[in-house]
Amino acid sequence: MHPHDEHALDLTRRRFFGVGARSLSAGLGLLGLGAALGRDRALGMGLPIPETASGLHHAPKAKRVVYLHMEGAPSQLDLYDWKPALRDRFDQEIPDSIRGGQRLTGMTSGQARFPCAPSMFRFDRAENRADGVWLSELIPHTAAVAKELCFVHSMRTEAINHEPAITFFQTGNQQPGRPSFGAWSSYGLGSENQDLPAFVVLITQGFGNMQALSARFWGAGFLSSEHQGCRLRSSGDPVLFLADPPGVSRADRRKLLDLQSEWNARESERALDPEVRARIAQAELAYRMQASVPGLLDLSGEPASTFELYGEEARKPGTFAANCLLARRLLERGVRFVQLYLRGWDQHTNLPAELRLQCAAADRAQAALVTDLKQRGLLDDTIVLCAGEFGRTVYSQGDLTPTNYGRDHHPRCFTVWLAGGGFAPGITYGKTDDWGYNVVENPVDVHELHATLLWQLGIDHERLTYRHQGRDFRLTDVFGRVVDGLLTKRA
Amino acid sequence: MIPPTRARAVIILVLSAGMSLVCAAGGGVKSSAPTPTYGRDVRPILSDRCFACHGPDAGTRRSKLRLDTFEGATAERPSGAAIVPGDPAASLVLERIHSVDEDERMPPVDSGKRALSEEERDVLRRWIEAGAHYEPHWAFVAPVRPEGPLVRDADWCRNEVDRFVLARLESEGLAPSPPAEREILARRVFLDLTGLPPTPEEIDAFVADAREDAFERLVDRLLTEEPYRSRHAERMAQPWLDAARYADTNGIHTDAGRQMWAWRDWILAAFREGMPFDRFLTEQIAGDLLPDATDASRTATGFLRNHVMTDEGGAIAEEYLVEYAVDRAATTGSVFLGLTLGCARCHDHKFDPVSQADFYSMYSFFDSVEEPGLYSQLPDPERAFEPFLVLPRPEERRERAALAADLNRARAELSLSTPGDDEARTRFFERIAAEASLSWETPEVLSAAAEHGATLTVLDDGSILASGANPERDTYEITLRARGEGLRLVLLELLPDSSLADGRVGRAENGNAVLTGISIDAARIDEPARRERVELGWAWADHEQQNGDFRVVNALAPGDADGWAVQGHEREGPRAALFLADRPFGYSGGSELRVRLEHASGYPRHVIGRFRVRVARASESLLERLPTALGTWHVVGPFHADSRADVFGFAFGPESATELDRVLEYSSEKLRWRSDFGLRDGALNALPSGVVATYVGRRVYAPSAREVPVSLGSDDGFRLYVAGSEVASREVDRGLAANQDRAVVPFPRGSSMLVLKDVNTGGVGGFYFRADARADELASDLVAGLLPSDARWTALDARLSLAWQLERSPTARDARDRIAAIEARATALEDGMSRTMVMKELAEPRSTYVLERGEYDKPDKARPVARSVPAALGRLPEDAPKNRLGLARWMLAPENPLVARVAVNRLFELVYGAGLVRSSEDFGLQGEWPTHPELLDWLAVTLRESGWDSRGILRLLVTSSTYRQSSARRVDLAERDPENRLLASFPRARLSAEAIRDSALHVAGLLVEEFGGRSVKPYQPEGLWQEVAMPASNTRAYVRGMGGDLWRRSIYTYWKRAAPPPTLATFDAPTRESCTIRRASTNTPLQALALWNDPQFVEAARALAARTLLETGPASSDAAPSAEPSTASAAATRSAGESANSDDARIALLLRRVTARNPDAREIEAARTTLVELRERYRLAPEDAQLLLGVGVAPIPPELDPVELAAWTLVASAALSLDAAITRN
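Chain order of the listed sequences is L and E. Mapping of the first sequence onto my numbering: position 346 corresponds to residue 541, and the numbering continues sequentially without gaps. Mapping of the second sequence onto my numbering: position 118 corresponds to residue 107, and the numbering continues sequentially without gaps.
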């Protein structure tokens, strides 16, 4: 191959699969523009080149992320943020001093009263590496791995409705149009894998009130589209159009690919355009993916112990357990960013019954994923993040009885947890007031969480930028800071 | 070894230096002393390293030093001036950037900014030396027509485009490339102008046309003659739809469907007729404000309504009104001005001279629209959201008028009451009253009190009026003295009162009321303590609100939130509700009745305002006359089962329901009854799909035990239960229709539960149910005849009279049926008319303020803004109206520096793959410097002076010699100009997603060409929408289109923003959530997979193969179909030589069709080898051939041998996957 072509081909391959394993084996990735465009093209377009284009901003603590997005917003008050003082405040009005003129959603802004609804669930003390953490009876498996988890009780967000809040959590901005976190990661880090995309998305339908998903949540925004999350589907072709048409065998495909390549090679000789060579290589990759993806999904090689850990549900495609297991298999194969969605946490009414169902789906699987990664030695350099888009109110929406209540959206405080990747294991961070309404210690906002996650990946959030419409955009907009308190030691 | 990236980087830098050398001198004459210019060379350096602290944003400025203005940079400071023009040595800037002292050096180490390179420092030095001229940004100065440059090879130039391009090449010492081969040129211009490749015949015709101006003639034909003209419009519209963020759904939350395609059709028509750009712009920005506005010009304003919208329940309207206006301003800025106005929403623009106040001044052109901000979730996916325009076609207009005339005629017939009608009716009801001993009394009111604060006053007419406190919920308790015995009926009249909102019957702000319960106790007048409950078991009302579970029977069960809503907010006049006691009540000597009226719905203050209670005695015989009352349908399910038999046979639980218990959970899936007012009697109702059972149920209230004839339909089977006992069933596989089965259903007296189990065995489920009247039963409207005459106000009496006629008079019945038919047709006609969202100004514009940090709830009242344009770009013409129309006039004025440049740049980008300004969405300070500044200005001025003839510009661009060059990459340019900025050859480019699909359909002969119309739904993998949509979304189920819908051009494909068409997205189509000016062009394995395996490409390959086989002649025996392909293949019997020739010809034709090129021997041979192998493989496994041919629904010509066709299908598939197939050479 002409050296010029070869270089261009190399670049093009990186556009989909990110950076080759070579640079990563040295512990370094190629940042952003290097991976996306090639330094030359970036320069040619007058784009700024980060001076670190040959590597990360600093030594990373983590290479991979698995992000469990609990869509609809789980109730922190019934799962993670224990408020024993509320027991005696059943049906009492939340004082104005606590609510402090907060804006409310259109769903409860007309409510005459804001009566306190203490959680009906029992909380037990789970051992961690600090003073222990009180967790709900609904999540016993998660409690059992509390030693590995870093709970942040003081998350805050800006949005009060699902669409803008999820868009904010995924892209750093409430309005559509920005790249998702996973896309930024793919842009910044590339992939460790040659046969799978850098950013994979898995969706589980839940039990309760389901909010919408949108391709924008894993979209590439203004980044080039190869950075968008690739959905692995649980029915039909796992990757769109992966399977050959009926009546076409693997041998047929090989034959056709050879014909296609030969024709393309002639075109390449005529056009002298490296893009043709790149297309030949992309077709070969497609051919390899046709084998690698089914292999990824084939669980027959998993030992019985896997299903003892994740539960038999993990055999049923599309369940949260199956997707957690799949996430581990993807991470093992070098996929950089795996995003799971579990829908159905939006319990405005009838919360206790629905939450029980949701937790039954989530608890064991998410704990199993942490345990599994730990056992395989992957947890050290893999970040697990489990988060909804906001929290839920301490006051009840709709009917309130000791065993039945609902909760509206609450942006002022909620709990997320992290594990692995240099996040301090077995601690809790941040505090909320006795009403579970406001953060009183160590608030963490979404930009700060993003900045901290990027930091652990070896990226300075202020320096991972992309110029679009005349402005250098970044995941954290003009905000964010690394929250040292969440980390074992700043990398 | 130096990594290749770095090696090339150096080369580019060298090249840019060379470029500046040419530009600076101008006129194409080389200068030996390159002087850096501020805008191109200096400002990028300062902006990147210095402006953050020494730039336009006063908020972040340090040391009071600004370097972005001449005054700021040259101001005398204690230690001297930062910049001393002409004297680099005295300029402190240079001293600081060169400093070796880390504390001194700029930019500071901790700023995260890179130190200046040697070259950059040199640029600054030379610029200061030359006088440090801060010339204004080129794009903010209005263009003037430059002189055409002198060139050496003038013969090469066909028009001015070439002169500018060649002058630049010559100055670089480069020669243009030779012309492209004619067949390649034909394919290029067909694709660029029409989005479709030429047919072999069209190529041949052009190649054979030896006239000097053959190419110009071809271009003219493509632009102005059908069918090319329409195709050209479709091609031109595609990037415009990206820019205008056009889609068929709202994008947020339920991502509801919207009807907007009339706007898309307006765009298509504009391109087809070659609309001048000034009108194209004006109508889209302000078509509603034109003095001679038409439906068409109003439709064009949909450009400003294409943004995403929300219907999320908790969203706040004010917030979204702001978002929508911001989007309009930002999109207008990007599309027409090439400016990133949106950046100034939260703070002054960091780079461009657009302040935050400027932004809100622009914004205020767009924020006074008659729109609600939030839209409710309605089931109709074809909805246009207010404000919208209804656009009947001429034939629809005519039919509407005809229907109106028919309706008037039928109504006139209906109102001709037969002599004696009224008398007969009176007699009829007198007879009923006599038979039933019906007699009404108005009891005396003893007391009236409200539990939660309202004041109840008894009026002279025996009615009771509520006033005073108006709590969210209230309960009234009144005590009455009734004289009669054997009482059976209770009448509740709701009366309008001038003290109530709008003079309606309810106390809600909108005049509505919801009664959630009525209960009555009776006691002897002298023993008031011994009260007994009067059980009520049936109810009737003259009117029930239709948009929820609001039937009057809900009031029979006090204690819950379900109730009777009277629609007082939308209908005037009184209401009447009639309740039936299970047993007679009332004591001799008089009774004390205690009546409780509850208002406990979720709707605050929906409490009755004025009412009266009356009672009547009646005998048992009346009960047979009363119609059966029906509750709202509820639904539970779907319940899944493993087999069809199980779905029918298995009792999932709800069949045994005897009460409508909405808390009870069925099965492990925890399913519960929920009301669904959308399920209607006498209509085809859809239910969930799959192998599932779904139950619908309702309460039924029978005044007497009775057998009710019902008419049923179901998809597929059904089982019907009353109070847990099966009364009818049908096990069948069928589609849904009305009246598929009839049954007589026995109901006990009082309330009972009716459950219908819909047994679905695949596809969508559904049911039909209608209860028919029994003989002698009064129709619902006739029940009003039982009311005392003074309780029958005019409107009710008119309805009664009508109902009477309908029941009793054959002419009236006939007229009624006709009216119903006409009304149904008229509704269908109106629903079917296209509608589209448009701009409509509020009568009073909103006051606009700067929003602090861009937040909707933080208007800075101290900073109101008026409508105006950014000061740095000019001002609205003096006499222009201060609205969008004035804005459009400003945009089109000769002084406007941006609009014409941006427009011609877009055309240049469309033809050459990249604009003269490569950052075509940003002409601001951070945008790119144009590659050919004079050409850009020449084109811009020419566009304006030609009467905004954008088609003329396009013609210039494609008829130039520049356009006709070969696209082969040149070794001598690969390193000097890898991006082909100089245009020394024609840029090769991958086709757009739409062109790739459309080309495949076209070469396959499948393309269905219909201009405009509703969006269509071609092949798409199952479940893509469902997996992301909310259960309530009306764009949850993707129902694939039929017939021609599968093969329309991609511009007509339905665009759901949350899940855009997957293959188009794979080839870089955006989500259309926000304005996209430039698409990326990636190259990924997913694209290869789509070309191989997406059924629409497999089907296209099959059709391409079939036409290749058919078109190369029935001719010789080798092509003849074989009846027994597996045993007597034609290939096996023919001579090898003949077959090879024929195969070769076919391969050549196939490839020519796809790539326009005649393949060479090597290419043909490769295909022949593969073909022979595939033919053999399918001969041995003909069942595989059948499987392959089964993909797609396009018919297969019966005369073709499946084995042969399958082999050719795969060869065609390989051809469609070629780089040359999806690339424009």
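Cβ coordinates follow ideal geometry from the N, Cα and C atoms, glycine included.
For the region 602 to 613 of chain L, which residues have a beta carbon sitting closer than 7 Å to at least one beta carbon of chain E? H604
Starting from P335(L), follow the beta strand (DSSP E) in both directions and report where the run begins and ends. On the first sequence, residue 335(L) is found 140 positions in, with the first residue counted as 1. Where P335(L) is concerned, there is no enclosing beta strand (DSSP E), although the alpha helix (DSSP H) it sits in stretches over 335 to 339.
Whole angstroms is fine: what's the gap from V784(E)'s alpha carbon to R560(E)'s? Here residue 784(E) is taken as the residue at index 795 of the second sequence, counted from 1. Here residue 560(E) is taken as the residue at index 571 of the second sequence, counted from 1. This sequence places Ala at residue 784(E); Val is not what is there. Each residue's Cα considered, the two are about 12 Å apart.
Using a 10 Å radius around the Cβ and a threshold of 16 neighbouring Cβ atoms, would you call K659(E) buried or exposed? Taking the first residue of the second sequence as 1, we reach residue 659(E) at position 670. By the 10 Å Cβ count, K659(E) comes out exposed.
Rounded to the nearest angstrom, how far is the Cβ of G552(E) from that of F539(E), given a contact under 8 Å? Translated into the one-based positions of the second sequence, residue 552(E) becomes position 563. Translated into the one-based positions of the second sequence, residue 539(E) becomes position 550. With a Cβ gap of about 7 Å, G552(E) and F539(E) count as contacting.
Boundaries (first-last residue) of the alpha helix (DSSP H) holding D411(E): To locate residue 411(E), count along the second sequence from 1; it is residue 422. D411(E) -> alpha helix (DSSP H) spans 410 to 424.
Which residues, in chain order, does the region 370 to 381 of chain L contribute to contact with chain E at a C-beta distance below 9 Å? Q370, P371, G372
Should A321(L) be flagged as near chain E, meaning a C-beta pair shorter than 8 Å? Counted from its first residue, the first sequence places residue 321(L) at position 126. No, no contact with chain E.
Measuring straight from C-alpha to C-alpha, what distance separates N543(E) and D603(L)? As a working mapping, residue 543(E) is identified with position 554 in the second sequence. As a working mapping, residue 603(L) is identified with position 408 in the first sequence. Whole-angstrom Cα-Cα distance: 28 Å.
Out of A393(E), W622(E), K102(E), D1149(E), which has the shortest C-alpha to C-alpha gap to Q535(E)? Start at 1 with the first residue of the second sequence, and residue 535(E) comes out as number 546. The shortest Cα separation from Q535(E) among A393(E), W622(E), K102(E), D1149(E) belongs to W622(E).
Using Cβ-Cβ distances below 9 Å, what residues of the region 289 to 323 of chain E are close to chain L? V297, T299, E301, G302, G303, A304, I305, A306, E308, E312, V315, D316, S323
Can you give me the start and stop residues for the beta strand (DSSP E) that M350(L) sits inside? Your numbering for residue 350(L) matches position 155 in the first sequence. Unbroken beta strand (DSSP E) run through M350(L): 344 to 351.
Check the Cβ-Cβ distances between M265(L) and every residue of chain E, and say whether any is below 8 Å. On the first sequence, residue 265(L) is found 70 positions in, with the first residue counted as 1. M265(L) does not count as touching chain E.
Between the C-alpha atoms of L1199(E) and Q485(L), what's the straight-line distance to the nearest angstrom? Counted from its first residue, the second sequence places residue 1199(E) at position 1210. Counted from its first residue, the first sequence places residue 485(L) at position 290. For L1199(E) and Q485(L), the distance between alpha carbons rounds to 18 Å.
Cβ closer than 7 Å: which chain L residues qualify as neighbours of I241(E)? Within the second sequence, residue 241(E) is the residue found at index 252, counting from 1. Residues of chain L passing the Cβ test: E358.
Since I believe D277(E) is in contact with K871(E) (beta carbons under 8 Å), could you give me their beta-carbon distance rounded to a whole number of angstroms? Within the second sequence, numbered from 1, the residue matching residue 871(E) stands at position 882. Within the second sequence, numbered from 1, the residue matching residue 277(E) stands at position 288. Actually they are not in contact, since the Cβ atoms of K871(E) and D277(E) sit about 16 Å apart, beyond 8 Å.
Compare the C-alpha of S949(E) against each of A929(E), D202(E), D193(E) and name the closest. One-based indexing of the second sequence puts residue 949(E) at position 960. Ranking the options by Cα distance to S949(E), first place goes to D202(E).
Helix, strand or coil: which one does DSSP assign to H663(L)? The sequence position of residue 663(L) within the first sequence is 468, counting from 1. Strand, per DSSP.
Three-state secondary structure (DSSP) of L1228(E): Chain E is shown from -10 up to 1214; residue 1228(E) falls before or after that span and cannot be answered.
State the start and end residues of the unbroken beta strand (DSSP E) segment that holds H629(E). Taking the second sequence and counting its residues from 1, the one referred to as residue 629(E) is at position 640. Where H629(E) is concerned, the enclosing beta strand (DSSP E) stretches over 623 to 629.
Between the beta-carbon of L586(E) and the beta-carbon of L525(E), is there less than 8 Å? Against the second sequence, residue 586(E) aligns to sequence position 597. Against the second sequence, residue 525(E) aligns to sequence position 536. Not in contact: L586(E) and L525(E) (Cβ atoms no closer than 8 Å).
Helix, strand or coil at Y624(L) according to DSSP, with G and I counted as helix: Counting from 1 along the first sequence, the entry for residue 624(L) is found at position 429. Strand, per DSSP.
Would you give the residue range spanned by the alpha helix (DSSP H) that F912(E) belongs to? Residue 912(E) sits at position 923 when you count from the first residue of the second sequence. Counting along the chain, F912(E) falls outside any alpha helix (DSSP H), and DSSP gives it neither H nor E.
If contact means a Cβ-Cβ distance below 7 Å, which residues of the region 1000 to 1034 of chain E contact chain L? P1010, E1011, G1012, E1016, V1017, A1018, M1019, P1020, S1022
Could you tell me which chain L residues have their CB closer than 8 Å to the CB of R1280(E), listed as they occur along the chain? Residue 1280(E) lies beyond the range of chain E shown here (-10 to 1214); nothing can be said about it.
I'd like to know if T1159(E) contacts chain L, where contact means its C-beta is closer than 8 Å to some C-beta of that chain. Position 1170 of the second sequence, counted from the start, is the residue given in the question as residue 1159(E). With 8 Å as the cut-off, T1159(E) counts as an interface residue toward chain L.
For L840(E) and V178(E), believed in contact at Cβ under 8 Å, the rounded distance: For this step, residue 178(E) is matched to residue 189 along the second sequence. For this step, residue 840(E) is matched to residue 851 along the second sequence. At roughly 49 Å, the Cβ-Cβ gap does not stay under 8 Å, so V178(E) and L840(E) are not in contact.
Beta-bridge pairing of E109(E) - partner residues as DSSP gives them: Along the second sequence, read from residue 1 onward, the residue named residue 109(E) stands at position 120. Paired residue(s): none; E109(E) is not in a bridge.
8 Å Cβ cut-off: residues of chain L touching L1177(E): For this step, residue 1177(E) is matched to residue 1188 along the second sequence. Ordered by position in chain L, the residues that pass the 8 Å Cβ test against L1177(E) are P440, P441, G442, V443.
Quick test of your reading: N1023(E) and P368(E), contact by CB under 8 Å. State the CB separation rounded to the nearest angstrom. The sequence position of residue 1023(E) within the second sequence is 1034, counting from 1. The sequence position of residue 368(E) within the second sequence is 379, counting from 1. With a Cβ gap of about 6 Å, N1023(E) and P368(E) count as contacting.
Compare the C-alpha of I256(E) against each of R287(E), L279(E), D395(E) and name the closest. Within the second sequence, the letter at position 267 stands for residue 256(E). Closest option to I256(E), Cα to Cα, is R287(E).
What do you get for M1031(E), buried or exposed, if any count of 16 or more other CB atoms within 10 angstroms of its CB means buried? Taking the first residue of the second sequence as position 1, residue 1031(E) is located at position 1042. M1031(E) comes out exposed.
Provide the residue span of the alpha helix (DSSP H) that contains G941(E), from first to last. Within the second sequence, residue 941(E) is the residue found at index 952, counting from 1. Element bounds for G941(E): 939 to 948.
Any C-beta of chain L within less than 7 Å: which residues of the region 643 to 674 of chain E qualify? K659
Sequence-distant residues of its chain with Cβ nearer than 6 Å to R824(E) (five each side left out): Counting from 1 along the second sequence, the entry for residue 824(E) is found at position 835. Closer than 6 Å at the Cβ level, and outside the excluded window around R824(E), lie Q248, A373, F377, V379.
In angstroms with no decimal places, state the Cα-to-Cα distance between N1147(E) and D193(E). Taking the second sequence and counting its residues from 1, one reaches residue 1147(E) at position 1158. Taking the second sequence and counting its residues from 1, one reaches residue 193(E) at position 204. Between N1147(E) and D193(E), the C-alpha separation is close to 11 Å.
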